[in-house]
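Participant: If you read the protein sequences in the order shown, they are chains A and B. First residue of the first sequence? That's 1 in full-length UniProt numbering, and the numbers climb one at a time after it. First residue of the second sequence? That's 1 in full-length UniProt numbering, and the numbers climb one at a time after it. My questions all concern the structure below.
Protein chains: 2
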Amino acid sequence: MITDAALDVIEHGGYDAFTVAKLARALGVAPSALYNHVSSKQDVLLWVQEDLMTKVDVSGFGVEPWAVATRRWALSYRDVFARHAPLVPVIAVMPVAGAPRTLAVYEAVAAGFADAGWPIETIVPVVVALESFIFGSALDANAPADIFDTADLAGGSPVFTAAIDAFAGSGGDYTPDAGFDAGLDAMIAGLEARLDRLRKG
Amino acid sequence: MITDAALDVIEHGGYDAFTVAKLARALGVAPSALYNHVSSKQDVLLWVQEDLMTKVDVSGFGVEPWAVATRRWALSYRDVFARHAPLVPVIAVMPVAGAPRTLAVYEAVAAGFADAGWPIETIVPVVVALESFIFGSALDANAPADIFDTADLAGGSPVFTAAIDAFAGSGGDYTPDAGFDAGLDAMIAGLEARLDRLRKG
DNA sequence: TCGAGAAAATGAACGACATTCATATGTGTC
DNA sequence: GACACATATGAATGTCGTTCATTTTCTCGA
């Protein structure tokens, strides 16, 4: 209920608009009344984050090959939090205790990894690595299209400027998706090579 | 000058303590006087970010093999911003125009990549991919040691809980470094495989 | 049906914060 | 000596999250 109203406010005006006063108004209530149900604004943000976790797609694990399931998970994970970038720094350091839906996602992922042959003690660091990449990419997805305009400093950075031009020329404007795709391909390829070695060793 | 004072305040009390009033006091000046030199607090944060960029190690590019130089760059990049996590969401979307030191880092990196044989149009997405991973890892580095305590929900997540235990058992407490190392190894391995293919094709 | 007690709502107030503004003070130049 | 300019200042503003004493509403057992 409160979580739904919070999501409404956020979707309507972004995180800048997500203020206690606005949330209260969306609920038809005075701001102070909120504190009978919530101990802080931060609390509400955690509820929102938990809610978003249900939109992360773990359906591939256990049914598709590891690389396919992992790619699907990573794509949906990034898409969800690219639209909620201000939550990323919160999630990245949030304990899973008291976050059952987040934990459920981790369980599905861990089970999928174990099924695929990852030794149990390797799962946590590998998942953390993928998550770090996903979080960083979710932030990057909000970069403006002109983030790499070198402008008047172009003369001092010939190679980089050429790289920007070549990239833009080959595919139009800058879109962060190219970076995400390149990174996801590389990381999954690197991890799969390691998994192959582990299976044989 | 202002930048130095800002870094002092931040290093002393963290980003919560970095307030206009504190910054002014550190400079021996009234808060309002600051606005004769600065157009907003955000401005100062950008200066700080620029300053931090000089601590990123690009010395390997052009002299060491690509993988070695890239690893050194990534390690120092993450270390710098792990201690300045609140800046990460700012950097991730900050245009390089007007940030000469940031641009200088990009130039060194791009030149190193080009030297190593990366086709010019592939450089931007690959650098973005690595950066995304680095930013995410910098955030993750600030996670509390008990972030993966499943606590009373352990029964519902047997595989993940086992993975946590196995990981903790094999190396003591949770440290984000394991995730960073795993991801960096995988990504560099994946990228190097692609580079080999590009060189031959 | 009544009344006690819990739960929920309210407006006023607080303290922290970034920022603005009218005003003052100093500094160097013609 | 006067003028322009940069810089400093305290008071004031508006926004925000949060607290609190008080009142209203709801629930439920006698």
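Just so it is clear, CB atoms sit at the ideal spot from N, CA and C, and this is done for glycine as well.
#1: If you measure from the beta carbon of residue 187/B to each beta carbon in chain A, is any gap under 9 angstroms?
#2: Under 9 angstroms, do residue 132/B and residue 155/A count as touching if we go by C-beta distance?
#3: For chain A, find out if any of its Cβ atoms is closer than 9 angstroms to the Cβ of residue 132/B; answer yes or no.
#4: Kindly say whether residue 77/B, judged by its beta-carbon, lies nearer than 9 angstroms to any beta-carbon of chain A.
#5: How would you write the range of the alpha helix (DSSP H) that residue 3/B sits in, first residue to last?
#6: Could you give the distance in angstroms between the alpha-carbon of residue 183/A and the alpha-carbon of residue 141/A?
#7: Below 9 angstroms on C-beta distance, what does residue 101/A contact in chain B?
#8: Under 9 angstroms, Cβ to Cβ, is there at least one residue of chain B near residue 50/A?
#9: What's the gap between the Cα of residue 74/A and the Cα of residue 31/B?
#10: Taking the C-alpha atoms as reference points, what is the distance between residue 143/B and residue 93/A?
#11: Would a C-beta distance cut-off of 9 angstroms place residue 10/A and residue 37/A closer than the cut-off?
#12: CA-CA distance, residue 28/A and residue 8/A?
#13: Give the range of the alpha helix (DSSP H) segment to which residue 147/B is assigned.
#14: State the Cα-Cα distance for the pair residue 130/B and residue 69/B, rounded to the nearest angstrom.
#15: May I ask you to verify whether the stretch 102-111 of chain B touches the stretch 157-164 of chain A, counting CB pairs closer than 8 angstroms and requiring at least 3?
#16: For residue 84/B versus residue 49/B, is the C-beta spacing smaller than 9 angstroms?
#17: Looking at the structure shown, is residue 126/B part of a helix, part of a strand, or coil, going by DSSP?
#18: Indicate the three-state DSSP secondary structure (helix, strand or coil) for residue 64/A in the structure shown.
Facilitator: Straight from the coordinates:
#1: Judged by the 9 angstroms Cβ criterion, residue 187/B is in contact with chain A.
#2: 9 angstroms or more divides the Cβ of residue 132/B from the Cβ of residue 155/A.
#3: Closer than 9 angstroms to some Cβ of chain A, the Cβ of residue 132/B qualifies, so yes.
#4: No - not a single Cβ of chain A is within 9 angstroms of the one on residue 77/B.
#5: The continuous alpha helix (DSSP H) containing residue 3/B extends over residues 2-13.
#6: Residue 183/A and residue 141/A: Cα-Cα distance of roughly 13 angstroms.
#7: Chain B residues near residue 101/A: none, gap ~11 angstroms exceeds 9 angstroms.
#8: Not a single C-beta of chain B is nearer than 9 angstroms to the C-beta of residue 50/A.
#9: Cα-Cα distance, rounded: 45 angstroms.
#10: C-alpha of residue 143/B to C-alpha of residue 93/A: approximately 4 angstroms in a straight line.
#11: No, the Cβ-Cβ distance between residue 10/A and residue 37/A is not below 9 angstroms.
#12: Each residue's CA atom was taken as its position, placing residue 28/A and residue 8/A some 13 angstroms apart.
#13: DSSP places residue 147/B outside any alpha helix (DSSP H), giving it a letter other than H or E.
#14: Taking the straight line from one Cα to the other gives about 13 angstroms.
#15: Yes, they touch.
#16: Between residue 84/B and residue 49/B, the gap from beta carbon to beta carbon is short of 9 angstroms.
#17: Annotated three-state conformation of residue 126/B is helix, per DSSP.
#18: Of the three classes helix, strand and coil, the one that applies to residue 64/A here is coil, per DSSP.
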